[in-house]
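For reference, the structure discussed in these notes is given below.
2 protein chains.
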Amino acid sequence: MVSRERGDDLVVVVSAMSGETNRLTSMAHEVSDRPPARELDVLLSTGEQVTIALLSMALNARGCKARSCTGSQVHIRTDSVHGKARILDIDDARVRADLANGNVVVVAGFQGVDEDQNITTLGRGGSDTTAVAMAAALKADECRIYTDVDGVYTADPRMVPEARRLDRITIEEMLELASSGTKVLQTRSVEFAGKYKVPLRVLSSFEEGTGTLITYKESTMEQPMISGIAYNSDEAKLTIRGVLDQPGVAYRILGPISDAHINVDLIIQNVSEDGTANVTFTVHKNDYQRALTILNETAIGLNAREVTGDDNIAKVSVVGVGMRSHAGIASKMFKSLADEGINIQMISTSEIKISVVVEDKYMELAVRTLHKAFGLEKEHAA
Amino acid sequence: MVSRERGDDLVVVVSAMSGETNRLTSMAHEVSDRPPARELDVLLSTGEQVTIALLSMALNARGCKARSCTGSQVHIRTDSVHGKARILDIDDARVRADLANGNVVVVAGFQGVDEDQNITTLGRGGSDTTAVAMAAALKADECRIYTDVDGVYTADPRMVPEARRLDRITIEEMLELASSGTKVLQTRSVEFAGKYKVPLRVLSSFEEGTGTLITYKESTMEQPMISGIAYNSDEAKLTIRGVLDQPGVAYRILGPISDAHINVDLIIQNVSEDGTANVTFTVHKNDYQRALTILNETAIGLNAREVTGDDNIAKVSVVGVGMRSHAGIASKMFKSLADEGINIQMISTSEIKISVVVEDKYMELAVRTLHKAFGLEKEHAA
Numbered sequence: 020m021v022s023r024e025r026g027d028d029l030v031v032v033v034s035a036m037s038g039e040t041n042r043l044t045s046m047a048h049e050v051s052d053r054p055p056a057r058e059l060d061v062l063l064s065t066g067e068q069v070t071i072a073l074l075s076m077a078l079n080a081r082g083c084k085a086r087s088c089t090g091s092q093v094h095i096r097t098d099s100v101h102g103k104a105r106i107l108d109i110d111d112a113r114v115r116a117d118l119a120n121g122n123v124v125v126v127a128g129f130q131g132v133d134e135d136q137n138i139t140t141l142g143r144g145g146s147d148t149t150a151v152a153m154a155a156a157l158k159a160d161e162c163r164i165y166t167d168v169d170g171v172y173t174a175d176p177r178m179v180p181e182a183r184r185l186d187r188i189t190i191e192e193m194l195e196l197a198s199s200g201t202k203v204l205q206t207r208s209v210e211f212a213g214k215y216k217v218p219l220r221v222l223s224s225f226e227e228g229t230g231t232l233i234t235y236k237e238s239t240m241e242q243p244m245i246s247g248i249a250y251n252s253d254e255a256k257l258t259i260r261g262v263l264d265q266p267g268v269a270y271r272i273l274g275p276i277s278d279a280h281i282n283v284d285l286i287i288q289n290v291s292e293d294g295t296a297n298v299t300f301t302v303h304k305n306d307y308q309r310a311l312t313i314l315n316e317t318a319i320g321l322n323a324r325e326v327t328g329d330d331n332i333a334k335v336s337v338v339g340v341g342m343r344s345h346a347g348i349a350s351k352m353f354k355s356l357a358d359e360g361i362n363i364q365m366i367s368t369s370e371i372k373i374s375v376v377v378e379d380k381y382m383e384l385a386v387r388t389l390h391k392a393f394g395l396e397k398e399h400a401a
Numbered sequence: 020m021v022s023r024e025r026g027d028d029l030v031v032v033v034s035a036m037s038g039e040t041n042r043l044t045s046m047a048h049e050v051s052d053r054p055p056a057r058e059l060d061v062l063l064s065t066g067e068q069v070t071i072a073l074l075s076m077a078l079n080a081r082g083c084k085a086r087s088c089t090g091s092q093v094h095i096r097t098d099s100v101h102g103k104a105r106i107l108d109i110d111d112a113r114v115r116a117d118l119a120n121g122n123v124v125v126v127a128g129f130q131g132v133d134e135d136q137n138i139t140t141l142g143r144g145g146s147d148t149t150a151v152a153m154a155a156a157l158k159a160d161e162c163r164i165y166t167d168v169d170g171v172y173t174a175d176p177r178m179v180p181e182a183r184r185l186d187r188i189t190i191e192e193m194l195e196l197a198s199s200g201t202k203v204l205q206t207r208s209v210e211f212a213g214k215y216k217v218p219l220r221v222l223s224s225f226e227e228g229t230g231t232l233i234t235y236k237e238s239t240m241e242q243p244m245i246s247g248i249a250y251n252s253d254e255a256k257l258t259i260r261g262v263l264d265q266p267g268v269a270y271r272i273l274g275p276i277s278d279a280h281i282n283v284d285l286i287i288q289n290v291s292e293d294g295t296a297n298v299t300f301t302v303h304k305n306d307y308q309r310a311l312t313i314l315n316e317t318a319i320g321l322n323a324r325e326v327t328g329d330d331n332i333a334k335v336s337v338v339g340v341g342m343r344s345h346a347g348i349a350s351k352m353f354k355s356l357a358d359e360g361i362n363i364q365m366i367s368t369s370e371i372k373i374s375v376v377v378e379d380k381y382m383e384l385a386v387r388t389l390h391k392a393f394g395l396e397k398e399h400a401a
């Protein structure tokens, strides 16, 4: 394993201490109902700054030379979307110099600065993204994400006791799992890793083990058809009905949502018999009310018939690169769910994933049913 | 009074919230017995960063446009002496731009960055110093220091009930009072104000009032002989005896103390009958043990007879620009103390101040005795 004693250079990216972000957020809400996003970032970024200082002190106290770096000091340059900023580039000169001087460099995750030196935060999972971005900038041998689980499983082990840990998984599968709700890694950090081909390993913070390695080449050996079952109950669904079906209508509906920096996940558009279209899409539950307000405004402009919403939904997905060379996955999935009396509300497919939206109370049953249907408890599932 | 509604531009400099610096310091000592000064500054500077964010949020919530600025964002450039850094310069461009956009600018006190962008802190009273430095850089009409007292008094009112608040005081007197232990303002901030002639006013955070204005011209009216009595029990005294009296000996004794960034206050050197010298000096109690260790090393090199120390001392000072034109102040002071049986251990004088070191148990008695002896309870003392 990577180690300082062996002479490896180490950069450690840390989050705020447990509970700290919530504590700071409550303080903000004590003084303001709607704290300005810029100031919230100034406040929240202190969480990681405290951790880098304390970790550097603790390392030095144990005889390990260490030096802390804030997002501003590393020049983690981001755009200016406070609370959800995206990393644009990293100036690795300072970190390289600190490493060359024999330091472990302890970097504040989750934060950066925009071009006017305003402090930004990256939003959920931001520290993972920082770690991957640092690894990419430094061309690191490996980026290890220490989490509260010991790797990626065929399904959530709390829900499916037979679930197996995967030794390796392709980046495509990992991406689909992450975007389908498997909470091991945030989608953005996996995307970033994929873009720069950062060798990524997921391990437990609490137990020894080799975790799960995310790979960039598919094994020459036969792939299992399905790697895992993911679920997500963080989304809500919105539907706009009776929109005149003409070019650009999807953009006119989803443009304002995107302009409000709300991420859309599944999108379905179908044309009804009277020539008008219905568009249904899902967003994070946190953005649900805001999206509903925007969609209602859009509906007036488009002269739509009605807008409806539902936040009692869950998304269940089967993921596997082996799907590419196997037919009949979708029908097997739909049949298994139907046999349990689970109604499918939306379907979305990609080359290596099939997702369905169901009523949220059926989520666990759907995950267990599919794990069993695809034989994932066995080493070589088929 | 200065006010936003009247159209005045406002820059507000804030400290950490009450108890925050202690909380952070304890966290540091939980992970390390001797936390590196650089990392301690990274940690402590989060205290003010939290305050600027919260105050900016609170102001915006009340309809007052406000924007926060960290020490790094204002480019408060300091030297690299972590924990005790000195401000070298301030780039006021960003603050001026924010003011021009109609913002109240909320600046983090106590912190800066060195030329390598390392975070530094200014040490005790650092937020006052930041405020004065900002006022100087911006050529502000007035710099107001809001404290827990409503102005500068002829003596500490908790000790001397007859003490009077002064409407104005000269910068020289304020400097002597501050350096003699009157805790209204830290010496460094007063020095800074004096250097750049920043109009400075001390007011209460809790009560309305005009406070005490620090002036740069002596009034043409007759000055009171004495403006106030100050005291300080934060110092300890060290003596090195039997050093060969030759050129450079004071430097060889005090150089190593200064190299360790320990401030020396009073210094007395006298030559004894055998041609050897005794040197006595005082340092802050926090630095006492460190200074004692250094002095013992020096004593070996200088072949000195002995080193002694005493931290049960107090310094009591009378301060007043009127002293310049009045004789007999010192003898009146010494006689008043002698009448009360108070032994004087060290004496130090400047043009407008006389300080004596006494055993600390006599401190309060000495302050009350001198306040009465110089008639400070009356408006025109003589």
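If you read the protein sequences in the order shown, they are chains D and V.
Throughout the first sequence, residue numbering follows my numbering, covering 20 to 401 in sequence.
Throughout the second sequence, residue numbering follows my numbering, covering 20 to 401 in sequence.
Even for Gly, the Cβ is constructed at its ideal location relative to N, Cα and C.
Quantities reported herein were computed from a predicted structural model and do not represent experimental measurements.
- The residue among 127/D, 169/D, 278/D, 329/D with its C-alpha nearest the C-alpha of residue 183/D is 169/D.
- A straight-line Cα-Cα distance of about 38 Å links residue 231/D and residue 63/V.
- Residue state for residue 284/D is assigned as strand, using DSSP reduced to three classes.
- In this structure, DSSP gives residue 365/V an extended state, which the three-state scheme calls strand.
- Annotation: residue 175/D to residue 248/D spans about 8 Å, alpha carbon to alpha carbon.
- In the three-state reduction of the DSSP assignment, residue 68/D falls in the helix class.
- Nothing from the segment 96-128 of chain V brings a Cβ to less than 7 Å from some Cβ of chain D.
- Counting only residues of its own chain and dropping the five nearest sequence neighbours on each side, residue 79/V has a CB closer than 8 Å to the CB of 85.
- Along the segment 57-72 of chain D, going in chain order, the ones with a CB nearer than 9 Å to a CB of chain V are 57, 58, 59, 60, 61, 62, 63, 64, 65, 66, 68, 69, 71, 72.
- Separation of residue 340/V and residue 207/V (C-alpha to C-alpha, rounded to the nearest whole angstrom) is 20 Å.
- Rounded to the nearest whole angstrom, the CA to CA distance from residue 102/D to residue 89/V is 18 Å.
- Residue 348/V has no beta-bridge partner at all, per DSSP.
- One thing to note: residue 332/V has its Cβ within 8 Å of the Cβ of residue 254/V.
- Counting along the chain, the unbroken alpha helix (DSSP H) around residue 274/D starts and ends at 268-278.
- Among the residues facing chain D, residue 32/V is not included, as its CB has no counterpart in that chain under 8 Å away.
- If you draw a straight line from the Cα of residue 186/D to the Cα of residue 173/D, it is about 11 Å long.
- Judged by DSSP in its simplified three-state form, residue 97/D adopts strand.
- In this chain, the alpha helix (DSSP H) harbouring residue 391/V covers 382-392.
- Around residue 379/D, the same chain offers 252, 331, 332, 333 as residues with beta carbons nearer than 7 Å, after the five sequence neighbours per side are excluded.
- Minimum Cα-Cα distance from residue 58/D among the listed residues 287/V, 112/V, 127/V corresponds to 127/V.
- Residues of chain D with a Cβ closer than 8 Å to the Cβ of residue 46/V are, in chain order, 69, 73.
- Residue 244/V places its beta carbon less than 8 Å from that of residue 345/V.
- Using a CB distance cut-off of 8 Å, residue 208/V does not count as an interface residue toward chain D.
- Interface with chain V (8 Å Cβ-Cβ cutoff): residue 224/D is excluded.
- DSSP places residue 214/V outside any beta strand (DSSP E); the residue lies instead in the alpha helix (DSSP H), whose first and last residues are 206-215.
- Residue 195/V carries a helical assignment under DSSP once its states are collapsed to helix, strand and coil.
- Following the DSSP letters along the chain, one finds residue 52/D in no beta strand (DSSP E), marked with neither H nor E.
- In terms of Cβ geometry, residue 309/D and residue 269/D do not form a close pair [threshold 8 Å].
- Residue burial is scored here from C-beta neighbours: residue 112/V has fewer than 16 other C-beta atoms within 10 angstroms and is therefore classed as exposed.
- If you compare the alpha carbons of 71/V, 233/V, 321/V with that of residue 263/V, the shortest gap goes to 321/V.
- Residue 121/D and residue 23/D have their C-alpha atoms spaced approximately 10 Å apart.
- Look at residue 136/D: its C-beta is under 8 Å from a C-beta on chain V.
- The three-state reading of DSSP puts residue 89/D in coil, since its state is none of H, G, I, E or B.
- By the Cβ neighbour-count rule, residue 107/D is exposed, with fewer than 16 other Cβ atoms within 10 Å of its own.
- In the three-state reduction of the DSSP assignment, residue 329/D falls in the strand class, which pools E and B.
- Within the segment 141-173 of chain D, not one residue has a Cβ closer than 8 Å to any Cβ of chain V.
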